[in-house]
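**Student:**
Number of protein chains: 2
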Amino acid sequence: MIQNPEVQMPIMLKGVHTIVDEGELYDKLKRSFDEQKPLTIKLGLDPSAPDIHLGHAVVLRKIKQMQDLGHHVVIIIGNFTGRIGDPTGKKKGRAALGDEQVKANAQTYCEQIFKVLTPEKTTVRFNSEWLSKLTFEEVMKLAATTSVARMLERDDFQNRYQNQTPIGIHEFFYPLMQGYDSVELQADIELGGTDQTFNVLMGRTLQKHWGLEKQVAIFMPLLEGLDGVEKMSKSLGNYIGVQEAPEVMFKKVMEVPDELIVKYFELATDEHPDMVEKIKNRLADGENPRDIKLTLANIITKLYHGSEETAKAQEFFETAFQKKQIPDEIPIMTIQQGQNTIDHIIPNLVEAQLIKSKSEFLRLIAQKGVSFNGEKLEKEGMAQGIISGDVLQIGKKRFVKFSIV
Amino acid sequence: MIQNPEVQMPIMLKGVHTIVDEGELYDKLKRSFDEQKPLTIKLGLDPSAPDIHLGHAVVLRKIKQMQDLGHHVVIIIGNFTGRIGDPTGKKKGRAALGDEQVKANAQTYCEQIFKVLTPEKTTVRFNSEWLSKLTFEEVMKLAATTSVARMLERDDFQNRYQNQTPIGIHEFFYPLMQGYDSVELQADIELGGTDQTFNVLMGRTLQKHWGLEKQVAIFMPLLEGLDGVEKMSKSLGNYIGVQEAPEVMFKKVMEVPDELIVKYFELATDEHPDMVEKIKNRLADGENPRDIKLTLANIITKLYHGSEETAKAQEFFETAFQKKQIPDEIPIMTIQQGQNTIDHIIPNLVEAQLIKSKSEFLRLIAQKGVSFNGEKLEKEGMAQGIISGDVLQIGKKRFVKFSIV
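Heads up: the protein sequence lines correspond to chains Z and B, in order.
Each step along the first sequence adds one to the number in this note's numbering, with nothing skipped, and position 394 is 404.
Each step along the second sequence adds one to the number in this note's numbering, with nothing skipped, and position 11 is 21.
1. Determine the direct distance from the alpha carbon of B/Thr204 to that of B/Lys218, and round the result to whole angstroms.
2. Using the C-alpha atoms, what's the distance from B/Glu34 back to B/Ile51?
3. Check whether the stretch 297-304 of chain B touches the stretch 258-268 of chain B, taking contact to mean three or more Cβ pairs, one atom from each stretch, closer than 8 Å.
4. In whole angstroms, what separates the C-alpha of B/Glu148 from that of Z/Leu195?
5. Check whether the stretch 70-78 of chain B and the stretch 16-27 of chain B touch, using three or more Cβ-Cβ pairs below 8 Å as the test.
6. Pull up the distance between the alpha-carbon of Z/Phe182 and that of B/Trp140, whole angstroms please.
7. Are the beta-carbon atoms of Z/Lys113 and Z/Val83 separated by less than 9 Å?
8. Pull out every residue of the stretch 177-209 of chain Z whose Cβ sits closer than 9 Å to any Cβ of chain B, in chain order.
9. Look at Z/Gln347 and Z/Ile414 and say whether their C-beta atoms are less than 9 Å apart.
10. Give, in chain order, every unbroken run of the beta strand (DSSP E) that is at least 3 residues long and sits entirely within the stretch 209-242 of chain B.
11. Using 10 angstroms around the beta-carbon of B/Lys406, count the other beta-carbons present and answer buried if the total reaches 16, otherwise exposed.
12. Could you tell me the distance, in whole angstroms, from the CA atom of Z/Thr133 to the CA atom of Z/Ile179?
13. Give a yes or no on whether the minimum CB-CB distance between B/Lys100 and chain Z is below 9 Å.
14. Rounded to the nearest angstrom, what separates Z/Ile310 and Z/Val410 at their Cα positions?
15. For Z/Lys47 and Z/Asn14, what's the separation of their Cα atoms in angstroms?
16. Can you find at least 3 beta carbon pairs, one from the stretch 155-166 of chain Z and one from the stretch 277-295 of chain Z, that sit closer than 8 Å?
17. Which of helix, strand or coil does DSSP assign to Z/Val415?
18. Taking 9 Å as the threshold (C-beta atoms), are B/Gly238 and B/Leu270 in contact?
19. Could you give the first and the last residue of the continuous alpha helix (DSSP H) run that contains B/Ile428?
20. Along the alpha helix (DSSP H) that carries Z/Glu297, what are the first and last residues, could you check?
21. Can you pull the chain B neighbours of Z/Thr145, defined as C-beta to C-beta under 7 Å?
22. In chain order, what residues of the same chain have a beta carbon less than 6 Å from the beta carbon of Z/Gly384, not counting five sequence neighbours either side?
23. Applying the criterion that 16 or more other CB atoms from any shown protein chain within 10 Å of the CB defines a buried residue, is Z/Val17 buried or exposed?
24. I'd like the list of long-range same chain contacts for B/Lys224, defined as Cβ closer than 6 Å, with 5 residues on each side in sequence excluded.
25. Could you give the residue range of the alpha helix (DSSP H) that holds B/His82?
26. Determine the direct distance from the alpha carbon of B/Leu313 to that of B/Asp31, and round the result to whole angstroms.
27. Chain Z beta carbons: is any one of them nearer than 9 Å to that of B/Lys151?
28. If you measure from the beta carbon of B/Ser369 to each beta carbon in chain Z, is any gap under 9 Å?
29. Could you check how far apart the C-beta atoms of Z/Asn137 and Z/Ile199 are, in whole angstroms? I think they sit under 8 Å.
30. So the candidates are Z/Arg373, Z/Phe43, Z/His66, Z/Gly399; which of them puts its Cα closest to the Cα of Z/Met242?
31. Have a look at B/Thr91, B/Thr118, B/Thr207 and flag the residue whose alpha-carbon is nearest the alpha-carbon of B/Met187.
32. So what's B/Ile355 in DSSP terms, helix, strand or just coil?
33. Label B/Lys72 either buried or exposed according to how many other C-beta atoms from any shown protein chain fall within 10 Å of its C-beta, with 16 as the threshold for buried.
34. Interface residues of chain B around Z/Met161 at Cβ under 7 Å?
35. Within a Cβ cutoff of 6 Å, which residues of the same chain sit near Z/Gln403, ignoring the five residues on either side of it in sequence?
36. Could you work out which residue in B/Leu127, B/Pro231, B/Pro185 is closest to B/Gly80 when comparing CA atoms only?
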């Protein structure tokens, strides 16, 4: 049962950065409601990034909300684009190998995508299916839709052209291919991050050129990571991965800066906009952000691990961090990014007089006298990748909290 | 029997504007001589201009000289390029019609080409044969050979880009297609006018990219027309068409400005460079250019009409113009371009008191008392398209020479 557009619109628009355009979306939803026929939602994915985090998931969650409203999603794996990524290689063999690799990547990727999306309302297609069949003449028809100057308006092309960094002519076809995928699918809506503006709007241009109804373009904002400043990214270490253990996920959400709480509700949960409005009001009324973050951590962890695991994670969090087993005031030790493992910081611990020597430290670990975030360390090499806020306890009274810079 | 490169080189290089490069040409000729295997000479033709004049024939004559040296020519009709000329048209039907038209044009064109080339040593091919078979992936491989910046170096693209005149992305493929034709043919030499520099050099780039030996690029200069200033062109009226009657051709060659005599020997005849050298010396020795032009007119007319017709044309020329049947000093009448027919100029003739009235003029014509370039006018509408230098004789003593402006 597809609901009327008035019910759907607020959910569709929750957290959206830009939409082109709202009136067209309303008309599509109206027709979809009248005919009880789901809209086709398109998402193009480049299966090169194997690990999905909450930043990637912003678009996926929005799509999941559309699925919950009854619509159908088509994920386009850009394997044809990948295949021509470096067409200077002359050997056919290499291209074929690339295909296998792309398919393997896509499978891993889809496993993670289905941690968010509903498989029954999702179709996965590879764009080589139709793109590889285009003739030179059809490719030229595609090329003729767009001028060189228009293409050079795209930020990255413009910069490269101005900096005299060569742009291969084939690169102009990436946006054209992505746009042509929308023609092939007759997509009603395409989603993307704001960095995808040019490519997603190309879909509208091409659909119009082929005499089809234009897709609505919905752009989602970028989600800042735990540092509250930079875009969430694995390489910056400020991320929450969708595959992380429930305890880790729960604790990381608790580290979200207070000023991002509402944004995380908007972009990292499927909560109704009315609920997000209530959260805003509670914060404005002076409620302790920590309590609201407990709700947020609970909601997010539940999305990826279910109720039972989430309950355990919350209990663990409260035992280890909240119920004062760790003192409120802990000295902070600053560690350089890249030096953030237990192995690396033993000299720092000696210098800070938390341990006398490496051998004492190893003996204490062997005696189970060392804990990391409330969990006993089993051996020296454990707890790789310390992040800001992690706590190390040595014996009963020696505590240190880390800050990674 | 293919001769040694020392014999061929001077003929190959006669009148050439630019060659890239001479050493490579020598090597190819050497190998061709050693193996007694003809080189493959490529000429791409755009069959849009139906009437060939001596300006067009400059490249054809050079190729004819190569045929006489034993090499084989492949004429490429760019019908695929024509087919995508305006790919915005959505109807397949139109494209198919275009094909028919291109083929009809090509046939007319080839009939004229064979007024210069030797049919037995010429193959005509349509580039749709291989280009229409390229897949999207292969087209991208082609596109990846060249950067956007490199393409925008081409004069016309550069001007349009700077003047913000849109360049469709498909237009970048015209030079790529022409270059790919060289890959397909494994051409040894490609000829073109100097305006074809970018496109012909693209053939070298692509052959290298495909691991083939690069073609030698030979560029022929533009031939000025009878005005001695502008490039020979039908629309400027300063041309000598290869299909013109022997008398007309002979007379027009006699109108070539003296300072272009050597250039016409170089570019419009197949005479050996040693002979051209002798002509230079005769002119330097103060021989009357008119006598040398008689030789030139004889050679050129013979190339297109054979000895017998040429002898007649020469006789006609000498009777009508040389043997003083027409006075040396004839009053000149200036006529606007577009007004240059007998019908148009009757009022001018009245005004200049050459005739009393239109009716007198028509009566004189009926009495065979009016000649045009020495030939009796049969009726009023004859002698369409007066050109500069044409002479009208009315009765015995009234002469007028025309100058078209």
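Glycine is no exception: its CB is placed at the ideal position from the N, C-alpha and C atoms.
**Tutor:** Inspection of the coordinates gives the following:
1. 22 Å
2. 14 Å
3. yes
4. If you take the alpha carbons of B/Glu148 and Z/Leu195, they lie about 24 Å apart.
5. yes
6. 24 Å
7. Contact: no.
8. Ile177, Gly178, Ile179, His180, Glu181, Phe182, Phe183, Leu186, Met187
9. Yes. Within cutoff.
10. Listed in chain order, they are 226-230.
11. exposed
12. 32 Å
13. In this predicted model, B/Lys100 has a pLDDT of only 37, less than 50, meaning its place in the structure is not dependable; the value taken from the coordinates is given anyway. Chain Z contact via Cβ: present.
14. 29 Å
15. The alpha-carbon atoms of Z/Lys47 and Z/Asn14 are separated by roughly 12 Å.
16. no
17. coil
18. yes
19. Summary: the structure shown does not reach residue 428 of chain B, with chain B confined to residues 11 through 415, and so no result is reported for it.
20. No alpha helix (DSSP H) holds Z/Glu297; DSSP gives it neither H nor E.
21. Ser142
22. Correct list, in chain order: Ala330.
23. Note on Z/Val17: under 16 other CB atoms within 10 angstroms of its CB, so exposed under the neighbour-count rule.
24. Arg214, Gln217, Lys218
25. Run containing B/His82: none in the alpha helix (DSSP H); it sits in the beta strand (DSSP E), 82-87.
26. 30 Å
27. yes
28. no
29. Contact flag wrong, Cβ pair sits at about 18 Å.
30. The residue with the shortest Cα to Cα distance from Z/Met242 is Z/His66.
31. B/Thr91
32. helix
33. The residue is buried, with at least 16 neighbouring Cβ atoms inside 10 Å.
34. Ile179
35. Ser381, Phe409
36. For B/Gly80, the closest alpha carbon among the candidates B/Leu127, B/Pro231, B/Pro185 is that of B/Leu127.
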